[in-house]
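A.B. asks: Take the sequence shown: its position 197, counted from the start at 1, is 197 in this note's numbering, and no numbers get skipped.
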Amino acid sequence: MSDATSVRVEDLELSVRSMGLLLVLGVETLGDLLALPSIATTKMVVAELTAVLAEHGLTYEGTWDLPETPPAREATGSVTERWHTIEAWMAANAPDALGSLRRPASPEAIAAAEKELGVTLPLDYKELLARHDGQGRLGPMVAYCSLLPVGELFHKRERLAGLMDEWKPGWIPIGQFQRDYMVLDLVPLPGGIVGQIFVCHVDDDRRTPIAASCSDLLARYFRELQDGTIDLT
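1. When you compare only the Cα positions, how much space is there between Val9 and Gln178?
2. Using the C-alpha atoms, what's the distance from Trp89 back to Asp227?
3. List the DSSP bridge partners of Met182.
4. In its own chain, which residues sit with a C-beta less than 7 angstroms from the C-beta of Pro104, not counting the 5 before and 5 after it?
5. Enumerate in chain order the residues of its own chain whose CB-to-CB distance from Glu28 is below 7 angstroms, with the five nearest sequence positions on each side excluded.
6. Could you tell me which uninterrupted alpha helix (DSSP H) segments, each at least 4 residues in length, are contained entirely in the stretch 7-78, listed from first to last along the chain?
7. Between which two residues does the alpha helix (DSSP H) containing Arg223 stretch?
8. Please state if the CB of Leu184 and the CB of Ala75 are separated by a distance shorter than 8 angstroms.
9. Determine the DSSP secondary structure at Pro104, reduced to helix, strand or coil.
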């Protein structure tokens, strides 16, 4: 048996939802998790626990018991129209989640951030901020991140620049989950797209693409809300 099975879950960086489930199930180590014949949970938790096990060279051989989900609708149109679609769905299915969305950022706050950062932010990101200036700290977004308020962007970028040797000024952190960041890429490599979004893993320098733009990010967000990948309960 791998030594990794003795890793205690309390030592892992997990979301509140995943940690709460493991506590309810009486799971204290990764070995306890692997011993469960089935686990009833959501796609969001499955993705997180599967990733944690893979990091330790382990695979869960039991059954994930997932809730049935209806066919997904699509969030289309402008960023504002996509927010309207998302907000209407939340109001009908998870009204408490609306409270995690912050009030609009003012044009002055957005302009001040651009001046401080020394960049011109993409129009669709500025439209996103004009609807909601990020989320509360535990408001779930794609990749477990919560969207950051515009006033925090400069300080987060400077912090990451001090932590990572290869950090570029044109990488703007717009969301955070513990030590991982959702990054708006304004200086893509050849073949990339200005305004694409990736997740930066501080501890291992991985950069995982998650969306081609902020519009695409919201479309993905809405799909994952509907299929349970993102759990708002």
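We put the CB at the ideal spot given by N, CA and C, even for glycine.
C.D. replies: Short version:
1. 16 angstroms
2. 13 angstroms
3. DSSP output for Met182 lists Gly175, Val199 as bridge partner(s).
4. Ala130, Arg131, His132, Asp133
5. Once the five neighbours on either side are set aside, the close Cβ partners of Glu28 are Arg8, Val9.
6. The stretch 7-78 contains these whole alpha helix (DSSP H) runs: 16-25, 30-35, 43-55.
7. From DSSP, the alpha helix (DSSP H) with Arg223 extends over 214-227.
8. no
9. coil
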